[in-house]
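**Q**
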Amino acid sequence: MGPIEFNKRRILILVAAVIAFVILLNGLTFHDSLKDAAAHIPLPINLTPTGHKPHVPFEEDDDDIWDLDDPDEAEAPPPPPAPSSPPTSDDGAAPPPNPNQPATPVKASLDSHPIAKMMEDADKQWRIYESSVSTTFRQTVEKYRSTHGRHPPPGFKDWYKFARERNVFNIDDFQQIMDDLRPFWSVNASDIRIHAAHMAENPKFGAAAISIRKHKVANVLNGSWRSETMVKVIDTFIKYLPDMDIAMNRLDQPRVLVPWEDLQEMLNREYESRAMPPEVMDSFTVDQSEFLDFTIEDPKDDPSTRLDDGWFFRPGQQYMEVASKACPPESPARANLTIAEADALYKDPLSGIVKNFNLSSDLCTVGPAIQDLHGMLYSASSMIVSHKLVPIFGECKVNVNNDILFPANMYYRHDVRYDYDPKDDVDWRDKKNDIIWRGVTSGGVQLSSNWATMHRQRLVQLSNGTYVKEAGVTAKILTQKRAGTTPQNSSYEPVANFEPSEFANEHSDIGFVEAWGCVPNCSFYNNIFSWKPQVPLTSQFKSRYLIDIDGHSFSGRWHAFLQSKSLGLKATIFREWHDSRLFAWRHFVPVDNRYDDLYSLLTYFIGYGSPNMEHALEAGDANPQVYVPPHAKEAQTLAKQGREWANKSLRREDIEVYMFRLLLEYGRLIDDNRDYIGYSGDGSELDKYDAGGESRWGIGGWK
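Have a look at this one:
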């Protein structure tokens, strides 16, 4: 090799080395720059509390809509998420993080509609409720004493085991029982027994009687299917009960209205009577007197002491005329507050949507506003009431009543007209995007002059597209602001003149199947309503939205609606045994009894209009100024939460447990030695029992 070639080779090697060094240096510099940049990337922020699913609105035609139920219930697997989206499970929740993958920010709804805040608040209340459940007998006893200021009643240990063996979710939630019975602590036990023993002697007063003697149902007076069903429930635990007479309301309407001032005095006396003696008898007193002697066929031949129940008849009279006495003096029912002032107590000020369901059915708050808009309040089919505190058990009541609530027999009795059958339900994605209701014209005594005051008739008219158009009906709803609006800063403003006719024609299937309950007959309806075909309960589950309203009394369909895969909407003035267990905006959607929020609710869930006003004008939209994006995902979430909870807390077993607890408390209340009987232990004798259960909490307790 010559010198020149050798030098060329050296030069080439040197150049290659320089190039390699430059590449290596640039690579190191680029790597360091990536590290520096990564150090300045903010960590993902979890915008949603742990365990809380964000409410993310979506369009009806989105590709990511799938059923929220268990995978094996879905007819087809969900479509895969877009590559840029985090994977989700079938119930809409994010799966556990993969430590081998970088964290992904949680997608949260920034929608500012008031409903989003109501759902968030309901979730917070629910989590508090869910986390406060006692898991052992010790905890249950301690919570009972701290809450009620008394020892639990005799038989409490047997009741606890009965409840645990039936997998009761919340062993503490029986406040309705305690509230119903509290005033009776101001009445002598013997007087309660006398009232209960003889209340059903005269059939015209609308009471039945069930007599328990020596752990058996020994007699039923003025019986019907209602009392027969109640006996079936009692038979599941009757071996633990003392002797008693149970007076049961046979009428649809509630019965007892104690004036507010008298009730406060009774409650004060109850509070003063609270005590927890260190030693009490864990058994009921036997061989007490003042029970019904049902061996005497004619009450006139019975020399037993009687007490006046104070029943009086007010057929056709407005209910608030007798009910207002049971309201506080400062309440709207007695203080002449305006409707707007009453609305401010329970409605969202921007949307007019119900935010406090409890107050929305409180007659002391809403009574003046709806006394001419609800059949039971305007013209009840029967009104036999008393201003005395008498012990009558009823399936429902309004908030001012003092009846003793028990689970409605319709919820326990097997009846295809009211029972939920899952095999006839369909998945959310397969349901019609509408609201359905069917029924008869019940609710009160109907005349040609008063039918328009009835709550069912008002709903049917308000949801009929032809009627609202001809009558010029408009509604207040919220519309999303268009100017400067993005999914990240969406805000809403009220529209007072929304014309609902087109929306109702497309999304409402509400109507009567026949007329019923008119005086002298229902012929006056012939030119008012056209009758719709009957739709069996199971077929109604093909719609996404099920509205439940009162009839003469409570609605027997509510449990089935909650158990279904559809979303229940509820308007009622009545209270039932399960109310404290159900959370509005967590398990169902509350509706005002005037229905003035109905279209605001439906347009929120179903959606309305176009985000482009020019397109709406070109299409001839009756409300071009309105755009509400659909929130079907939120509706589906509410439906799923309601169904899951109903299947845990509204079962036949839950009815049995409630009745058992109710009659133990009642049994002590009518005992002459009620201040000296009960359970005084600390609960330790069931430690092994509790530890032996398969726990839903993971360690000890019962599932």
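Each residue of the sequence shown is one higher than the one before, counting from 1 in the UniProt record's numbering.
The beta-carbon is built from N, C-alpha and C at its ideal position, and this holds for glycine as well.
Please read these numbers as outputs of a predicted model, since none were measured by experiment.
1) Please give the ranges of any alpha helix (DSSP H) in the region 589-642, keeping only runs that are unbroken, at least 4 residues long and fully inside the region.
2) Could you tell me the distance, in whole angstroms, from the CA atom of M383 to the CA atom of L377?
3) Go ahead and label Y271 buried or exposed: buried means 16 or more other beta carbons lie within 10 angstroms of its beta carbon, across all protein chains shown.
4) Any contact of the region 656-664 with the region 224-239, i.e. 3+ C-beta pairs under 8 angstroms?
5) Measure the CB-CB distance between V354 and P500 and report whether it falls below 7 angstroms.
6) Pick out whichever of A196, Y599 and L567 has its Cα sitting closest to the Cα of L669.
7) For V416, does the count of other Cβ atoms within 10 angstroms reach 16, so buried, or fall short, so exposed?
8) Looking only at its own chain, which residues have a Cβ that is under 6 angstroms from the Cβ of M266, when we skip the five neighbours before and after it?
9) When the distance is taken between beta carbons, is H587 closer than 7 angstroms to A641?
10) Tell me whether D421 is buried or exposed, calling it buried when 16 or more other Cβ atoms sit within 10 Å of its Cβ.
11) What residue range does the alpha helix (DSSP H) around Y467 cover?
12) Considering just the uninterrupted stretch of the alpha helix (DSSP H) at A691, what are its terminal residues?
13) DSSP three-state label for A207, please.
14) Hey, quick one: how far does the beta strand (DSSP E) through Q480 stretch, first residue to last?
15) With respect to the alpha helix (DSSP H) encompassing A189, which residues constitute its N-terminal and C-terminal limits?
16) If we count the other Cβ atoms within 10 Å of its Cβ and call it buried at 16 or more, is H151 buried or exposed?
17) Buried or exposed: which applies to I115, given that a residue is buried once 16 or more other Cβ atoms fall within 10 Å of its Cβ?
18) The beta strand (DSSP E) with V366 in it runs from where to where?
19) Can you tell me whether T338 is buried or exposed? The criterion is at least 16 other CB atoms within 10 Å of its CB, across all chains shown.
20) Return the chain-ordered ranges of every alpha helix (DSSP H) run that is complete within the region 116-202 and spans a minimum of 4 residues.
21) Checking the sheet assignment: what are the DSSP bridge partners for C518?
22) When DSSP labels each residue in this structure, what does M281 get in the three-state scheme?
23) Once you ignore the five residues that flank R482 on each side, which residues in its own chain have a CB closer than 7 angstroms to its CB?
24) Quick check on the burial criterion: 16 or more other C-beta atoms within 10 angstroms. Buried or exposed for K633?
25) Against chain D, with Cβ distances strictly below 7 angstroms, would V460 count as a contact?
26) What does the Cβ neighbour count give for F313, buried or exposed, with the cut at 16 atoms within 10 Å?
27) Taking only the alpha-carbon atoms, compute the straight-line gap between I477 and S566 and give it to the nearest angstrom.
28) Compute the distance between the beta-carbons of M320 and G367, then report whether it is under 7 angstroms.
29) Determine the burial state of W225: buried for a count of at least 16 other Cβ atoms within 10 Å of its Cβ, exposed for fewer.
30) Where in the region 534-591 do unbroken runs of the alpha helix (DSSP H), each at least 4 residues long, occur, reported from the N-terminal end onward?
31) Could you compute how far the alpha carbon of I192 sits from the alpha carbon of G206?
32) Please report how far the alpha carbon of D343 lies from the alpha carbon of L363, in whole angstroms.
33) Looking at the secondary structure, which residues open and close the beta strand (DSSP E) in which N433 lies?
34) Please report the straight-line C-alpha distance between P299 and D308, rounded to a whole angstrom.
35) Taking the DSSP output, what are the residues bridged to A247?
36) Just the C-alpha distance for M276 and V390, rounded to the nearest angstrom, thanks.
**A** Taking the coordinates as given:
1) 598-606 and 613-618
2) Distance between the alpha carbons of M383 and L377 is about 10 angstroms.
3) exposed
4) Taking 8 angstroms as the limit for Cβ pairs, the verdict is that the region 224-239 does touch the region 656-664.
5) Their beta carbons are not under 7 angstroms apart, which means V354 does not touch P500 by this criterion.
6) A196
7) exposed
8) Counting only Cβ-Cβ distances below 6 angstroms, and skipping sequence neighbours, we find P183 and S186.
9) As written in the sequence, residue 641 is Gln, which differs from the Ala given in the question. In contact: Q641 and H587 (Cβ atoms closer than 7 angstroms).
10) exposed
11) G465 to E470
12) D687 to A691
13) The three-state reading of DSSP puts A207 in strand, counting E and B together.
14) A475 to Q480
15) A189 to H198
16) buried
17) buried
18) That residue, V366, is in no beta strand (DSSP E); its alpha helix (DSSP H) goes L363 to I370.
19) exposed
20) The region 116-202 contains these whole alpha helix (DSSP H) runs: 137-148, 156-165, 175-181 and 189-198.
21) Q446
22) strand
23) P611, M613 and Y627
24) buried
25) Although the question refers to chain D, the structure presented lacks it and comprises just one protein chain.
26) exposed
27) 23 angstroms
28) Taking C-beta atoms as the reference points, M320 and G367 count as a pair closer than 7 angstroms.
29) exposed
30) For the region 534-591, whole alpha helix (DSSP H) runs of length 4 or above, ordered along the chain, are 537-540 and 558-563.
31) The straight-line gap from Cα to Cα measures roughly 18 angstroms.
32) 12 angstroms
33) K432 to V440
34) 15 angstroms
35) A209 and I392
36) 27 angstroms
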